[in-house]
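In terms of this note's numbering, the sequence shown opens at residue 2 and continues consecutively.
For every residue, glycine included, the Cβ atom is placed at its ideal position computed from N, Cα and C.
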Amino acid sequence: MEADPTEGHLRRAELLADLGHFDEAVAELDPALRADPADGTALALLAAIQLAADRPEPALAAAERAVAAAPAELQPRVTEGEALLQLRRFKEAAAVAERILDGGPDDPVAQLHGAAILGEARNGQRALDAAWQAVNLAPGDARAHLVLSSIAGRLQLTDLAEQARDEALRLDPALASSAHLVRYAIPEPAARNLCPTPETAIGWLALYVGAFVVPVAMLAAVLHNVHPATSRVVAVVLGLAGLGLVALFANRLPGTPREMFRRDRASTVAGCATVAGPLGVIAYGASGSPWAVAVALAATALAAIAVVARIRF
């Protein structure tokens, strides 16, 4: 029995494509397609080769012909969706992904590829559900976990993304570096940025200064009834220490204090109120008026409210 010449062309085309000789691989398919222009297998391979060569338009044309020739085949539809993604025709790619998912609800490969394409075209709950379905159908397939990780990452589901990625790498440590699976991969978890944001820094400033001023003001109020002179001396000393604490934390803000306290109305109020707390304690020491202690406490409370609740005044 003679060997099928078409089969030989297909195998040689695959080999040439694997070696990166894409033009030669395309040329190798010409005889098969001249013999049968509706050869779904040859058209699917042609589409995959064109896509690998970063030629999405001819890849799409070949994939559409392959889908028309063999509507039940999965790979041409996957290539069609990926070509549409490269052409940034996201609405059409999403429609192709939906057809892939609907055509194989119990096929883990269909769910995997459909979820991956839909995740890039129109990420959302549908893509996430499909990725979960792929994982449930094939829990040992590292690619399914990697697709789930990618989609969860885009949806800001950080814990799920990292857990799925870790499982994918556990199942296949070499998967993340596979060139043909770059689409399914997500970057390494980003290192946590330990530098505080301006809002967080101002919040910590208000918190620490408030934690200092409140007990100092209460101590001054208690001593005022026992020994007013001692109360005033303690208030001045500790009030100056509170101003020193403000200065220390202000120097650690991610920017100059002037810039930080002018970011928005809440930051301005918080900055002024934070400084007013120790000044109120010092004012009590200088004047002996209990109202100055009340002002210090009120200013500290206002600073905390403005920063923690981010109230816009």
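Counting the other Cβ atoms within 10 Å of the Cβ of Arg78 gives 16 or more, which makes it buried.
Rounded to the nearest angstrom, the gap between the Cα atoms of Ala222 and Arg266 is 32 Å. Between Leu129 and Ile152, the C-beta gap is smaller than 8 Å, which places the two residues in contact. A distance below 7 Å between beta-carbons, with the five flanking residues on each side excluded, links Glu83 to the following residues of its chain, in chain order: Leu52, Ile118. Look at Gly104 here: in three-state DSSP terms it is helix. Under the 10 Å beta carbon count, Asp31 is surrounded by fewer than 16 other beta carbons and is classified as exposed. Relative to the Cα of Leu208, the nearest Cα in the group Thr301, Ala116, Arg90 belongs to Thr301. Using a 10 angstroms sphere on the CB of Ser290, the tally of other CB atoms stays under 16, which defines it as exposed.
With respect to the 8 Å criterion, Val247 and Pro216 are not classified as neighbours on the basis of their beta carbons. Using a Cβ-Cβ distance cut-off of 8 Å, the segment 160-178 and the segment 225-239 are not in contact, since fewer than three pairs of beta carbons, one from each stretch, lie closer than that value.
Taking all protein chains shown into account, Ser150 has 16 or more neighbouring C-beta atoms within 10 Å of its C-beta and is therefore buried.
Judged by DSSP in its simplified three-state form, Pro38 adopts coil rather than helix or strand. Burial check for Pro57: the Cβ neighbour count within 10 Å reaches 16 or more, so the residue is buried. Here Asn137 carries a helix assignment [DSSP, helix/strand/coil]. In this structure, Ala274 lies near Leu303, with their beta-carbon atoms less than 8 Å apart. Annotation for Ser150: the continuous alpha helix (DSSP H) segment containing it runs 143-155. In the displayed model, His228 falls within coil according to three-state DSSP, outside both helix and strand. Using a Cβ distance threshold of 8 Å, Glu29 and Leu17 count as a contacting pair. For Gly82, the uninterrupted alpha helix (DSSP H) segment begins and ends at 75-87.
DSSP, read as helix, strand or coil, puts Arg266 in helix.
The Cβ atoms of Ala297 and Val214 lie closer than 8 Å to each other. By alpha-carbon distance to Glu65, the top candidate from Val148, Val97, Phe91, Leu11 is Val97. For Pro72, the three-state secondary structure derived from DSSP is coil. By the C-beta density criterion, Pro109 is buried, having at least 16 other C-beta atoms within 10 angstroms. Contact between Ala95 and Ala122 is confirmed by a C-beta separation of about 4 Å, below the 8 Å threshold.
Look at His22 here: in three-state DSSP terms it is coil, with no helix or strand label. Ranking Leu61, Ala73, Leu75 by CA distance to the CA of Arg89 puts Leu61 first. One alpha carbon belongs to Val270, the other to Ala277, and they sit about 10 Å apart. Using a 10 angstroms sphere on the CB of Thr80, the tally of other CB atoms reaches 16 or more, which defines it as buried. Per DSSP, the unbroken alpha helix (DSSP H) holding Arg171 starts and ends at 159-172.
Leaving aside the five residues that flank Leu34 on each side, the residues in its chain whose CB is nearer than 8 Å to its CB run, in chain order, Asp40, Ala43, Leu44, Leu47. Less than 8 Å divides the Cβ of Ala218 from the Cβ of Val294.
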